[in-house]
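Protein chains in written order, with our numbering: chain A, 357 to 557; chain B, 357 to 557. Have a look at the structure below, then the notes.
2 protein chains.
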Amino acid sequence: MPESTTLSRREELLRIAAELFASRGVKNTTVRDIADAAGILSGSLYHHFDSKESMVDEILSTFQEELFGTWDDIMRSKLDARAKVEAVVRASFDALDKHHSEVAIYQNDAAYLMESERFAYLKDRNDQFREVWMRLLREGEKAGVLRTDLDIELVYRFVRDTVWVAVRWYRPGGPMAIETVADQYLTILLSGISKEGTQRG
Amino acid sequence: MPESTTLSRREELLRIAAELFASRGVKNTTVRDIADAAGILSGSLYHHFDSKESMVDEILSTFQEELFGTWDDIMRSKLDARAKVEAVVRASFDALDKHHSEVAIYQNDAAYLMESERFAYLKDRNDQFREVWMRLLREGEKAGVLRTDLDIELVYRFVRDTVWVAVRWYRPGGPMAIETVADQYLTILLSGISKEGTQRG
DNA sequence: CAGCCAACCAAACAGTTGCTTGGTAGGTTA
DNA sequence: TAACCTACCAAGCAACTGTTTGGTTGGCTG
Numbered sequence: 357m358p359e360s361t362t363l364s365r366r367e368e369l370l371r372i373a374a375e376l377f378a379s380r381g382v383k384n385t386t387v388r389d390i391a392d393a394a395g396i397l398s399g400s401l402y403h404h405f406d407s408k409e410s411m412v413d414e415i416l417s418t419f420q421e422e423l424f425g426t427w428d429d430i431m432r433s434k435l436d437a438r439a440k441v442e443a444v445v446r447a448s449f450d451a452l453d454k455h456h457s458e459v460a461i462y463q464n465d466a467a468y469l470m471e472s473e474r475f476a477y478l479k480d481r482n483d484q485f486r487e488v489w490m491r492l493l494r495e496g497e498k499a500g501v502l503r504t505d506l507d508i509e510l511v512y513r514f515v516r517d518t519v520w521v522a523v524r525w526y527r528p529g530g531p532m533a534i535e536t537v538a539d540q541y542l543t544i545l546l547s548g549i550s551k552e553g554t555q556r557g
Numbered sequence: 357m358p359e360s361t362t363l364s365r366r367e368e369l370l371r372i373a374a375e376l377f378a379s380r381g382v383k384n385t386t387v388r389d390i391a392d393a394a395g396i397l398s399g400s401l402y403h404h405f406d407s408k409e410s411m412v413d414e415i416l417s418t419f420q421e422e423l424f425g426t427w428d429d430i431m432r433s434k435l436d437a438r439a440k441v442e443a444v445v446r447a448s449f450d451a452l453d454k455h456h457s458e459v460a461i462y463q464n465d466a467a468y469l470m471e472s473e474r475f476a477y478l479k480d481r482n483d484q485f486r487e488v489w490m491r492l493l494r495e496g497e498k499a500g501v502l503r504t505d506l507d508i509e510l511v512y513r514f515v516r517d518t519v520w521v522a523v524r525w526y527r528p529g530g531p532m533a534i535e536t537v538a539d540q541y542l543t544i545l546l547s548g549i550s551k552e553g554t555q556r557g
């Protein structure tokens with residue numbers, strides 16, 4: 357049986373939960389909501405999962421693992437600074453398209469979740485990647501492709517937030533292709549942070 | 357007694373509630389949390405307010421009234437398109453600084469609240485201002501100050517979201533002045549969307 | 001002084017929450 | 001055929017939720 361097409365019941369329930377968490381927020385979604393959407397009773401969920409919290413945990417940790425793995429590959433590649441920025445941004449938009457629910461949960465609830473012991477790993481990898489980004493941007497500054505009149509920490513936040521915030525309006529399968537969004541965002545972004553004359557159209 | 361410096365108990369409670377709503381989310385904040393922070397019992401809140409929902413309502417409607425009033429003034433002014441964009445962005449950052457809690461609640465909970473009848477006015481004025489923005493951007497395009505290779509709807513979302521998302525990390529009274537943030541954001545933004553920043557447009 | 005009022009307390013209420021328990025239907029394996 | 005397994009049901013529990021009620025306090029005012 358190809359696992360890629362056949363979801364186990366457990367995976368199906370996780371997908372249902374993720375969609376609800378994404379659209380209403382974790383706190384606003386009850387275990388009865390999830391059970392209803394799956395066509396079972398709320399207690400039956402506990403045959404598959406320890407708790408509601410562990411569902412959230414599994415959804416977010418799985419997603420973060422995959423995304424940060426992809427980013428790692430890019431960062432470790434031989435691309436130059438500018439190409440890395442572009443590749444990471446495109447990979448992020450790709451995640452926005454293919455794992456929309458997970459990104460939405462991450463954006464809406466992760467900040468609060470991170471305060472608890474259980475979800476500290478979210479913050480850990482976030483901090484780790486902030487360092488990678490900062491090195492990349494400093495590298496770009498040195499290489500003369502990035503303008504130097506900007507606070508680099510602020511540029512990092514700008515690039516990071518600008519991509520993810522699109523989860524609020526972008527809908528997979530909607531009228532606008534994710535590649536189009538990525539193209540336009542990169543156009544604005546790169547001419548905004550690049551040193552004048554260094555970019556090519 | 358000057359009212360500008362002395363808050364009524366009611367206003368003080370609203371401020372306390374707003375801070376909690378902002379940091380933990382509306383659904384994640386109980387009336388007992390608010391009462392505890394104010395040093396009273398939860399039931400006593402109902403001497404001042406009809407319901408928890410009406411607290412949220414008052415916080416958001418008051419804020420929206422003020423912000424959109426300021427925006428209205430700018431839009432009706434004689435400034436050119438580019439200056440208007442800049443003025444609105446600066447006014448928004450100013451709101452981010454002076455009404456941080458309200459902006460945070462708006463960013464985190466408004467989307468969900470808008471689905472209910474009571475908070476429909478939030479969506480109404482949002483939609484109304486989207487139209488104003490679109491006219492402004494088209495005006496800028498015609499005047500030749502905006503690059504024409506971008507989807508104007510996407511530019512609108514980009515400008516709007518980029519400003520507000522800063523509520524996630526900006527802290528009033530922190531190490532970075534809001535004017536600095538505004539300056540740098542505008543630098544990136546305007547060279548990103550302006551015609552003069554285009555290479556081989 | 002009496003009357004009034006804003007602000008609050010103490011105790012409870014009904015509904016909702018996440019979760020537990022003991023049991024069952026139907027399929028697969030030995 | 002018996003043992004076992006996955007997936008579920010039915011019922012309920014304790015904790016927590018927003019809210020209500022009747023009463024108390026201390027300061028102000030006529």
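Beta carbons: idealized from backbone N, C-alpha and C, even for Gly. Being a predicted model, the structure only gives us computed values, none of them experimental.
Chain B partners of residue i, CB-CB under 9 Å?
i, result
"A:Gln420", "Here the premise fails: no neighbours, minimum Cβ distance about 18 Å."
"A:Trp489", "Those do not exist, as A:Trp489 stays about 14 Å from chain B at its closest Cβ, beyond 9 Å."
"A:Trp525", "Arg513, Asp517"
How many Å lie between residue i and residue j at the Cα?
i, j, result
"A:Asp517", "B:Val521", "7 Å"
"B:Asn384", "A:Val501", "44 Å"
"B:Arg366", "B:Asp429", "30 Å"
"A:Ser433", "A:Gly399", "47 Å"
"B:Leu545", "A:Leu546", "10 Å"
"B:Pro531", "B:Asp483", "35 Å"
"B:Tyr402", "A:Val387", "30 Å"
"A:Gly496", "A:Arg438", "7 Å"
"B:Glu409", "B:Phe475", "10 Å"
"B:Thr554", "B:Asp436", "Here B:Thr554 scores only 48 on pLDDT, less than 50, and its place in the model should not be relied on; the value that follows carries that caveat. Looking at the two C-alpha atoms, the distance is approximately 20 Å."
"A:Ala374", "A:Val412", "8 Å"
"B:Lys479", "A:Arg494", "41 Å"
"B:Tyr462", "A:Asn464", "12 Å"
"B:Leu369", "B:Glu422", "20 Å"
"B:Trp427", "B:Leu492", "12 Å"
"B:Thr504", "A:Leu376", "38 Å"
"A:Gln420", "A:Arg481", "9 Å"
"B:Thr393", "B:His404", "The identity of residue 393 of chain B in the sequence shown is Ala, whereas the question assumes Thr. Each residue's alpha carbon lies about 15 Å from the other."
"B:Gly557", "B:Ile508", "Residue confidence for B:Gly557 is low, a pLDDT of 29 falling below 50, so the modelled location carries little weight and cannot support an answer."
"A:Arg527", "A:His456", "8 Å"
"B:Arg513", "A:Asp539", "15 Å"
"B:Leu416", "A:Met431", "42 Å"
"B:Gly529", "B:Asp450", "13 Å"
Mind checking which residues open and close the alpha helix (DSSP H) that includes residue i?
i, result
"A:Asn482", "476 to 498"
"A:Tyr526", "Where A:Tyr526 is concerned, there is no enclosing alpha helix (DSSP H), given that its DSSP letter is neither H nor E."
"B:Val356", "Because chain B here runs from 357 to 557, residue 356 of chain B falls outside it and cannot be looked at."
"B:Asp558", "Past the boundaries of the shown model lies residue 558 of chain B; chain B is included only from 357 to 557, so the question cannot be answered."
What in chain A is Cβ-close to residue i, meaning under 7 Å?
i, result
"B:Ser407", "Going along chain A, no residue has its Cβ under 7 Å from B:Ser407, so there is no contact; the nearest lies around 17 Å."
Can you tell me whether residue i is buried or exposed? The criterion is at least 16 other CB atoms within 10 Å of its CB, across all chains shown.
i, result
"B:Gly381", "buried"
"B:Thr536", "exposed"
"B:Ser448", "buried"
"A:Glu473", "exposed"
"B:Glu458", "buried"
"B:Lys454", "exposed"
"B:Val445", "buried"
"A:Ala533", "exposed"
"A:Ala499", "exposed"
"A:Leu397", "exposed"
"A:Leu363", "exposed"
"A:Arg371", "exposed"
"B:Gln548", "Correcting the residue identity first, residue 548 of chain B is Gly in this sequence and not Gln. Classification for B:Gly548: buried."
For residue i, return the contacting residues in chain A, with the cut-off set at a CB-CB distance below 8 Å.
i, result
"B:Leu506", "Gln540, Thr543, Ile544"
"B:Ala383", "The amino acid at residue 383 of chain B is misidentified as Ala; the sequence shows Lys. Result: Gly381, Lys383, Asn384."
Give me the chain B residues within the contact set of residue i, using Cβ-Cβ distance strictly less than 8 Å, ordered along the chain.
i, result
"A:Val537", "Leu510"
"A:Tyr468", "Arg380, Gly381, Asn384"
Going along chain B, which residues have a C-beta under 7 Å from residue i?
i, result
"A:Val521", "Asp517, Val521"
**Request:** Output the residue ranges of the beta strand (DSSP E) runs that lie fully inside the stretch 362 to 409 of chain B and measure 3 residues or longer, sorted by chain position.
**Result:** Those beta strand (DSSP E) runs which fall completely within the stretch 362 to 409 of chain B and span 3+ residues do not exist here.
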